[in-house]
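Step one of this worksheet: look at the structure below.
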Amino acid sequence: MISLMRDINNRTYKPSRGIAFITRKSVIREIFAAPFRDRVVHHLLFDFVADWWDNRFIYDNYSCRKRKGNLFGIRRMYHHMMSVSNNAAEPAYVLKLDLQGYFMSLPRDGLFESVRWGIDRQFAKNSFEYKTCVYLWREIIYDDPTRNVTKRGSPRDLADLPKSKSLFHAKKGTGIVIGNLTSQLLSNIYLDKLDRYVMYDLGLKHYGRYVDDFYIVHNDKARLIKAAKEINGFLESIGLKMHPKKRFLQEINKGVPFLGAVVYPFRLQPGKRLKKGLFKSAHRLYAEPRPEYDLERLERSLQSYTGMLEHFRNKKWRRKIELIRKTRGQLTA
19 MISLMRDINN RTYKPSRGIA FITRKSVIRE IFAAPFRDRV VHHLLFDFVA
69 DWWDNRFIYD NYSCRKRKGN LFGIRRMYHH MMSVSNNAAE PAYVLKLDLQ
119 GYFMSLPRDG LFESVRWGID RQFAKNSFEY KTCVYLWREI IYDDPTRNVT
169 KRGSPRDLAD LPKSKSLFHA KKGTGIVIGN LTSQLLSNIY LDKLDRYVMY
219 DLGLKHYGRY VDDFYIVHND KARLIKAAKE INGFLESIGL KMHPKKRFLQ
269 EINKGVPFLG AVVYPFRLQP GKRLKKGLFK SAHRLYAEPR PEYDLERLER
319 SLQSYTGMLE HFRNKKWRRK IELIRKTRGQ LTA
């Protein structure tokens with residue numbers, strides 16, 4: 019810690035080399051794990067600036083914020099759907115959009131410009147906090163994490179990862195790692211521009227976002243189609259692209275998938291990933307246990323999934339899990 023303090027004060031600190039690996043839960047992603055020394059710096063920067071930015075962010079920005087998160091975002095979508103439709107008495111539609119290769123396509127110059135804009139408003143120029151934040155943000159944003167990184171995992175994992183999701187294939191001057199505390203904050207900082215554009219410039223108040231997954235609820239379908247074009251143009255102006263295969267426009271009565279749930283008027287249903295994880299854990303624990311399975315870990319996993327079910331309509335799914343458990347018991351007997 020003393021050595022790190024000296025490096026920061028002497029402006030000789032440089033991010034260390036991390037470990038890159040692939041995770042498949044819940045979708046395939048490339049993760050860079052930073053060494054502990056760098057994580058200390060990430061927390062230092064976060065503690066310096068996060069509260070100021072959090073007070074600036076819109077209410078319906080749900081990702082990586084205190085008292086927000088997945089369940090909060092799901093309930094807010096439900097609130098917007100019921101509000102626009104007058105409690106499902108009138109037609110309403112949801113436009114749901116996603117960004118293509120978001121973390122890999124973030125322009126580093128634009129990121130640094132955004133954090134610098136915030137620093138200019140948070141701290142007095144020439145103060146210790148101001149100089150330290152500018153210096154550390156520059157080192158972290160412009161660091162190339164692929165340089166001399168240690169790779170772990172099988173060649174198959176790397177082969178299965180789309181190039182749009184890998185920093186090793188990112189365009190020069192773009193991309194930040196998935197896995198750092200600073201990356202989550204940078205993600206929110208950069209898309210604060212989008213949040214304000216949609217809510218204040220376009221005047222679409224029933225809007226919410228979780229990382230790069232965002233939605234708008236409106237009673238005019240044509241207005242949402244027009245909004246998609248306007249948003250696409252805005253995103254291109256800041257160096258980002260909408261995902262061409264993840265554009266969703268649907269009437270609320272048909273249900274809207276969002277953050278692991280399917281949101282309907284008057285009810286919330288568990289989404290496909292939640293159900294898949296739930297039944298996978300139950301089958302491994304009860305129906306087909308194997309010596310290589312960690313049964314204690316599977317038990318905790320199943321408890322976690324059933325706990326998540328408490329927030330949705332769940333009687334049918336609980337009955338199915340109980341049937342799997344009883345069937346296993348009969349086979350054992």
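Everything in the sequence shown is counted per my numbering, starting at 19 for the first residue and increasing by one.
Note that the Cβ used here is the ideal one computed from N, Cα and C, for glycine as well.
A quick note: this is a predicted structure, and the numbers were derived from the prediction, not measured.
Buried or exposed by the 16-neighbour rule on C-beta atoms within 10 Å, applied to residue i
i: G191; result: exposed
i: W335; result: buried
i: Y111; result: buried
i: N206; result: buried
i: N73; result: exposed
i: M19; result: exposed
i: K294; result: exposed
i: K263; result: exposed
i: F330; result: buried
i: T200; result: buried
i: K143; result: exposed
i: F266; result: exposed
Closer than 8 Å: residue i CB and nearest the ligand ADP heavy atom
i: V102; result: You won't find the ligand ADP in this model; it holds no ligand whatsoever.
Residue-level contact to chain B via CB, residue i, 9 Å cutoff
i: S44; result: Chain labels in this structure do not include chain B; a single protein chain is all it has.
Inter-residue spacing [alpha-carbon to alpha-carbon] between residue i and residue j
i: S322; j: I256; result: 39 Å
i: S319; j: V280; result: 21 Å
i: R343; j: A300; result: 8 Å
i: A38; j: R170; result: 6 Å
i: D161; j: T30; result: 14 Å
i: M326; j: W135; result: 39 Å
i: H261; j: S182; result: 11 Å
i: S44; j: G36; result: 23 Å
i: I76; j: I40; result: 32 Å
i: K247; j: Y233; result: 14 Å
i: M23; j: R139; result: 25 Å
Own chain residues within Cβ distance below 8 Å of residue i, not counting five before or after
i: T350; result: Residue confidence is low: T350 scores 40 on pLDDT, short of 50, so the model does not pin down where it sits. Its coordinate-derived value is still stated next. Around T350: no qualifying Cβ.
i: W71; result: G136, L203, N206, I207 and D210
i: G128; result: Y208, I256 and G257
i: G278; result: N88, I92, P288, G289, R291, L292 and M326
Residues near residue i in its chain [Cβ-Cβ closer than 6 Å; skip 5 each side]
i: G347; result: For G347, the predicted structure reports a pLDDT of 46, less than 50, and the residue's modelled location is therefore unreliable. A value from the coordinates is still provided. Contacts found: none.
i: I243; result: none
Residues near residue i by beta carbon distance below 7 Å, same chain, minus five either side
i: P125; result: G191, T192 and G257
i: D56; result: P33 and S34
i: Y96; result: V281 and L286
Bounding residues of the alpha helix (DSSP H) (the contiguous stretch that carries residue i)
i: Q140; result: R126 to Q140
i: I196; result: Counting along the chain, I196 falls outside any alpha helix (DSSP H), and DSSP gives it neither H nor E.
Extent of the continuous beta strand (DSSP E) to which residue i belongs
i: G289; result: Neither: G289 is in no beta strand (DSSP E) and is coded neither H nor E.
i: P275; result: V274 to F276
i: I159; result: Counting along the chain, I159 falls outside any beta strand (DSSP E), though it belongs to the alpha helix (DSSP H) covering F146 to I159.
Bridge-paired residues (DSSP) for residue i
i: I234; result: L113 and Y225
i: G169; result: It should be noted that the sequence gives Lys, not Gly, for residue 169. Note: K169 sits in a beta bridge opposite A38.
i: L267; result: L113
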